[in-house]
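The structure under discussion appears below in the form of structure tokens.
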Amino acid sequence: MSPHKEENGSTKATVVEEKPVSVPAKPKHQAHCASSTHHNLPIQKVTVHPLVLLNVVDHFNRVSKTQNVKRVVGVLLGSMKKDKTLDICNSFAVPFDEDEKDKNTWFLDIDYLENMYGMFHKVAAKEKIVGWYHTGPKLHKNDISINEHLKKFTPNPVLVIIEAEPQHNGLPTEAYIEVQEVHDDGTPPIKTFEHVPSEIGAEEAEEVGVEHLLRDIKDQTAGTLSQRITDQLMGLRGLSDQLGHIEEYLLEVADGKLPVNHQVIYHVQEVLNLLPDVSHPDYVNAQNVQTNDQMMCVYMGSLVRSIIALHNLIDNKVTLQKAEREKENGDSSAAVGTANGTDKDKKEKEKSANGKEKDEKKTEQKDLKKDDKSKEKKK
């Protein structure tokens, strides 16, 4: 780093590397090999919290919308546990820029970093600078130089490559720590990065928040079985990718492009030793028995589904027949009721007509009697 003083005395964080540091190219598949980890490293495992992943994705999306950059850089905050596990629980972004053609020319705002860390330290004093991150997707030649300047804040800064746009299945994090590689031929040692196992860990409060986010992201129409099948498919794809990385590594070692790492070979042999002998008769017989048992379960399930479907069909037909009968009975009773009503009306009309005739006859008789009486009086 070649900082220069301005007239007001502030340090400008423009960094120009005059002496490039050679970083040996490290294939992507080697980063996945936990067997290359030294047991005497100050950090044995890195735990990244979901909050850090969300911060990195937000940082990358904000910067990529305004600038044409391939990666962003930030600082990681956390603490070290007793079992040499680095717990990374927070992070913040740092202004960063680099020349795409000349990787030895880059810019990192150290003043901004110090000011932000001072504010974070006031809020959470336990969270200290433990390393830095960038969005990769792989190691760059100037990562060693950037890592040297982070040693001002922590003696063993860890580099975590977090892929904001992952192109493969599996964890989006790869952790590295700086080591000195010593050669047996007497050449001076060089600084390089050693892979450290990483994982995603969260506290109970973070798990609740992540579950709420996943509810909004996941397809609500998909059932539990569909989701399980999708998860298994993604897991198998990730396993296939890892096996492909191992195959590429072994082919490059066989061709002499990479040196032989006996520890890696031992771990590969351990994995192969766990594979069963598929040609053994006992294994073939056990596999056939298990397959037949599974197919029998599938067959029984299909029969049960068919029986239930027929049962439901019969129930529907019986219900429809009952409804039709009730409807017919209701129509016939309504017709009988209307017929009875008409007969009653006729009888009532006849009764009323007969009553009127009787009344008329009575009035006529009364009138005749009155006439007879009046005639007798006149006589």
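Just so you know, we're using UniProt numbering here: the sequence shown kicks off at 1 and counts up by one. Cβ coordinates follow ideal geometry from the N, Cα and C atoms, glycine included.
Pop quiz: residue i and residue j are said to be a contact at Cβ under 8 Å. What is the actual Cβ separation, rounded to whole angstroms?
| i | j | result |
| --- | --- | --- |
| E98 | N68 | The Cβ separation is near 12 Å, so there is no contact. |
| N147 | L159 | 6 Å |
| residue 384 | G131 | Since the first residue of the chain shown is 1 and the last is 379, residue 384 is not available in this structure. |
| E127 | S198 | The Cβ separation is near 19 Å, so there is no contact. |
| L86 | I43 | 5 Å |
| T192 | E181 | 5 Å |
| V271 | V260 | Between V260 and V271 the Cβ distance is about 17 Å, and since that is not below 8 Å, they are no contact. |
| L41 | E194 | 7 Å |
| P172 | I162 | 6 Å |
| I246 | V268 | 6 Å |
| P276 | Y266 | No, P276 and Y266 are not in contact; Cβ-Cβ is about 20 Å, not under 8 Å. |
| H140 | K103 | 6 Å |
What residue does the alpha helix (DSSP H) around residue i start on, and which one ends it?
| i | result |
| --- | --- |
| I200 | It is not in any alpha helix (DSSP H) - I200 instead sits in the beta strand (DSSP E) that spans 198-200. |
| K65 | 50-66 |
| H262 | 262-273 |
| L86 | Taken as a continuous stretch (DSSP letters only), L86 belongs to no alpha helix (DSSP H), being part of the beta strand (DSSP E) at 85-94. |
Would you decide whether residue i is buried or exposed? Buried here means 16 or more other CB atoms lie within 10 Å of its CB.
| i | result |
| --- | --- |
| I129 | buried |
| K366 | exposed |
| L108 | buried |
| A164 | buried |
| K356 | exposed |
| G118 | exposed |
| G186 | exposed |
| A353 | exposed |
| L368 | exposed |
| L274 | exposed |
| G74 | buried |
| Y249 | buried |
| T66 | exposed |
| Y133 | buried |
| I229 | exposed |
| K45 | buried |
| H59 | buried |
| I177 | buried |
| L213 | exposed |
| V304 | exposed |
| K362 | exposed |
| S332 | exposed |
| I308 | exposed |
| S226 | exposed |
| V63 | buried |
| L150 | buried |
| I314 | exposed |
| S22 | With a pLDDT of only 36 at S22, under the threshold of 50, the placement of this residue in the model should not be trusted; the figure read from the coordinates follows. Looking at its Cβ environment, which holds fewer than 16 other Cβ atoms inside 10 Å, S22 is exposed. |
| P281 | exposed |
| P24 | Because P24 carries a pLDDT of 37, less than 50, the predicted location of this residue cannot be relied on, and no value is offered for it. |
| P157 | buried |
| S145 | buried |
| V289 | exposed |
| S298 | A small correction: the amino acid at residue 298 is Val; Ser does not occupy that position in the sequence shown. When all chains shown are included, V298 counts as exposed. |
| L113 | buried |
| E360 | exposed |
| residue 444 | Because the chain is modelled from 1 through 379, residue 444 falls outside the range shown and cannot be assessed. |
| V196 | buried |
| V318 | exposed |
| M296 | exposed |
How far does the beta strand (DSSP E) with residue i in it reach, from first residue to last?
| i | result |
| --- | --- |
| D241 | Per DSSP, D241 belongs to no beta strand (DSSP E); it is in the alpha helix (DSSP H), 224-254. |
| F120 | That residue, F120, is in no beta strand (DSSP E); its alpha helix (DSSP H) goes 110-123. |
| S145 | Not the beta strand (DSSP E): S145 falls in the alpha helix (DSSP H), residues 143-150. |
| V182 | V182 -> no beta strand (DSSP E), and no H or E assigned at all. |
| K128 | 128-134 |
| L76 | 73-80 |
| I161 | 158-162 |
Contact between the segment 75-91 and the segment 43-55 (3+ Cβ pairs under 8 Å): yes
Given 8 Å, three or more beta-carbon pairs between the segment 201-215 and the segment 40-53: Flag = yes, the segment 201-215 and the segment 40-53 touch.
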